[in-house]
Amino acid sequence: MAGFDKRVASYEEAMQGIESGMTVIAGGFGLCGIPENLIAEIKRLGVKDLTVVSNNCGVDGFGLGLLLEDRQIRKILASYVGENAMFEQQMLNDEIEVVLTPQGTLAEKMRAGGAGIPAFYTATGYGTPIGEGKEVREFNGRPHILEESVTGDFAIVKGWKADWYGNVVYRHTAQNFNPMAATAGRITVVEVEEIVEPGELDPAQIHTPGIYVDRLIQGTFEKRIEKRTVRS
Amino acid sequence: MALTREQMAMRVARELEDGFYVNLGIGIPTLVANYIPDGMDVMLQSENGLLGMGRFPTEEELDADMINAGKQTVTARPGAAIFSSAESFAMIRGGHVDLTVLGAFEVDQNGNIASWMVPGKLIKGMGGAMDLVAGAENIICTMTHASKHGESKLLEACTLPLTGAGCINRVLTDLAYMEIKDGTFILKERAPGVSVEEIIEKTAGKLVVPDNVPEMTFAEG
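Quick mapping for you: the protein sequence lines, in order, are chains A and B. With the UniProt record's numbering, letter number 11 in the first sequence gets 11, and the count goes up by one each step, no holes. With the UniProt record's numbering, letter number 156 in the second sequence gets 156, and the count goes up by one each step, no holes.
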């Protein structure tokens, strides 16, 4: 059983082996469901020239925005990056390379990457700047562009609950990109709110089966809200 | 009179049907949710991974793990489903969403849409807009008919970088409701008190004007 026990004792151990120049795939949408402590550990480690694959890039001082402070990100694939003054500055100064990627294409790049499919055709982006220079092929009379999948040296994922085996469930819309990210890392690290005994999670309700997970750690989370909206 | 934002949302809501799965973009499209007719059941899809978006939460219901594609805190209604972003875009790209409503900077007579990028200005990204326009067969584009300086946004050919090619077939502006077919705009309805001449003047693309162009009507208040 020990061979399947994915738990690690510290965040230091969780991110062991990450080096400058590596590709990191991160789950999360906006600030929802982001692996906030794993990101903070990457900041602490100070590795640089990272390629980050994530829908967004956090905000100033939180989430992936933390990695901008010491210019740790060289390149990012994202669909929307507009919430962050430091990001804008680094983008305007050409200090960070931004590959804007349609959100569904980004999700599929992770999904396909994790599933061993190196590329796929999609109609999304055909006829737009995103399609420029990409192979075009017609299917059912409609042009599609070839998009290459992504995999990472590391994937960093935020779950709700997991058992020692690394079977993970996500909570509400904090699921978002996390299940695809979890499949696409050479080393997949998952942080969760609660680690439970094997058998406590319903096997049929697992979102991410443990086979994808290499390291698991329980953390505490700030869970910052980006746009607090309530009804009176 | 040009339509107000609320009237535009009311007009779009008339295109809803009972049992429709609908994706509403940010801005005027979001307001459409306020005008779903009584007795009609419509499921709102939010592309971060929620089908069946409910009302905004009360203070007690507020939950950081429960947001919509605009990153606002929301609730899930009874009958809702939550899933991954890949699943969400499978629904969108696969053509399973019945109606998509989104805003635009420009639309042209060939159904091209530009909505995400103005060269020289800060580029924030397209989010899910390119997937939405590529995947949906039934899209309504909401926008103002002309810029503040009177320049038409309904063009022969879009001047801004495209979000999608040949994918828009219906446009609601503050002045008119139009369809796009065979390389022309077709004027279907006009805003109350807006003349056909004004619409012709403010439409740069090819426009077909039928003999009878009814005025939209809105209930008082």
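Ideal Cβ placement from N, Cα and C applies to all residues, glycine included.
Please go through the region 98 to 178 of chain A and give each complete alpha helix (DSSP H) segment of 4 or more residues, from N-terminal end onward. 103 to 114
Name the residue from B/217, B/178 and B/132 whose alpha carbon lies nearest to the alpha carbon of residue 199 of chain B. In the second sequence, the residue the question calls residue 199 of chain B occupies position 199. If we check each option's Cα against that of residue 199 of chain B, B/178 comes out closest.
In this structure, does DSSP put residue 60 of chain B in helix, strand or coil? The residue given as residue 60 of chain B occupies position 60 in the second sequence. Residue 60 of chain B: coil per DSSP, three-state reduction.
With residue 27 of chain A and residue 158 of chain A assumed to form a contact (beta carbons below 8 Å), what rounded beta-carbon distance in angstroms separates them? As a first step, residue 27 of chain A must be located in the first sequence, where it is residue number 27. As a first step, residue 158 of chain A must be located in the first sequence, where it is residue number 158. Yes, they are in contact, since the Cβ atoms of residue 27 of chain A and residue 158 of chain A sit about 6 Å apart, within 8 Å.
Where do the ends of the beta strand (DSSP E) carrying residue 106 of chain B lie? Stepping through the second sequence from its first residue, residue 106 of chain B is reached at position 106. Here the beta strand (DSSP E) through residue 106 of chain B covers 106 to 108.
Relative to the C-alpha of residue 20 of chain A, which candidate in A/45, A/106, A/30 and A/34 has its C-alpha closest? Counting from one through the first sequence, the residue named residue 20 of chain A turns up at place 20. The shortest Cα separation from residue 20 of chain A among A/45, A/106, A/30 and A/34 belongs to A/45.
Apply the 10 Å Cβ neighbour rule to residue 106 of chain B and answer buried if 16 or more other Cβ atoms are within range, or exposed otherwise. Within the second sequence, residue 106 of chain B is the residue found at index 106, counting from 1. Result: buried.
Interface flag, residue 126 of chain B vs chain A, CB-CB below 8 Å: The residue labelled residue 126 of chain B in the question sits at position 126 within the second sequence. So yes, residue 126 of chain B belongs to the interface.
Pick helix, strand or coil for residue 180 of chain B, following the three-state DSSP scheme. As a first step, residue 180 of chain B is located in the second sequence; it is residue number 180 there, counting from the start. Residue 180 of chain B: strand per DSSP, three-state reduction.
8 Å Cβ shell around residue 222 of chain B - same chain, five flanking residues per side excluded: Past the boundaries of the shown model lies residue 222 of chain B; chain B is included only from 1 to 221, so the question cannot be answered.
Taking Cβ-Cβ distances shorter than 8 Å, what residues in chain B pair up with residue 176 of chain A? Within the first sequence, numbered from 1, the residue matching residue 176 of chain A stands at position 176. 48, 49, 84 and 85, listed in chain order.
So with CB distances below 9 Å, who are the chain A contacts of residue 58 of chain B? For the purposes of this step, residue 58 of chain B is taken as the residue at position 58 of the second sequence. The answer, in chain order, is 230, 231 and 232.
Only counting the same chain, and skipping five residues up and downstream in sequence, which positions put a Cβ closer than 6 Å to that of residue 30 of chain A? The sequence position of residue 30 of chain A within the first sequence is 30, counting from 1. Cβ within range, chain order: 56 and 226.
Please go through the region 64 to 140 of chain B and give each complete alpha helix (DSSP H) segment of 4 or more residues, from N-terminal end onward. 85 to 93 and 129 to 135
With a cut-off of 8 Å, does the C-beta of residue 10 of chain B fall near any C-beta of chain A? Position 10 of the second sequence, counting from 1, holds the residue named residue 10 of chain B. Judged by the 8 Å Cβ criterion, residue 10 of chain B is not in contact with chain A.
Smallest Cα separation from residue 211 of chain B: which of B/66, B/48 and B/187? Here residue 211 of chain B corresponds to residue number 211 of the second sequence, with the count starting at 1. The candidate whose alpha carbon is nearest that of residue 211 of chain B is B/187.
Name, going along the chain, the residues of the region 122 to 148 of chain A whose beta-carbon falls closer than 8 Å to a beta-carbon of chain B. 122, 123, 124, 125, 126, 127, 128, 129 and 130
In whole angstroms, give me the CA-to-CA distance for residue 36 of chain B and residue 15 of chain B. Within the second sequence, numbered from 1, the residue matching residue 36 of chain B stands at position 36. Within the second sequence, numbered from 1, the residue matching residue 15 of chain B stands at position 15. Using only the alpha carbons, I get a separation of about 10 Å.
Contact residues within the region 161 to 187 of chain A, judged by C-beta distance below 8 Å to chain B: 171, 172, 173, 174, 175, 176, 177, 178, 179 and 180
Could you give the residue range of the beta strand (DSSP E) that holds residue 51 of chain A? The sequence position of residue 51 of chain A within the first sequence is 51, counting from 1. Start and end: 50 to 53.
DSSP three-state call for residue 208 of chain B: helix, strand or coil? Within the second sequence, residue 208 of chain B is the residue found at index 208, counting from 1. Looking at residue 208 of chain B - three-state DSSP - the assignment turns out to be strand.
Does the contact criterion of 3 or more C-beta pairs under 8 Å hold for the region 207 to 224 of chain A versus the region 141 to 150 of chain B? no
Through-space distance from residue 17 of chain A to residue 29 of chain B, alpha-carbon basis: Working through the second sequence from its first residue, we reach residue 29 of chain B at position 29. Working through the first sequence from its first residue, we reach residue 17 of chain A at position 17. Taking the straight line joining both Cα atoms gives about 46 Å.
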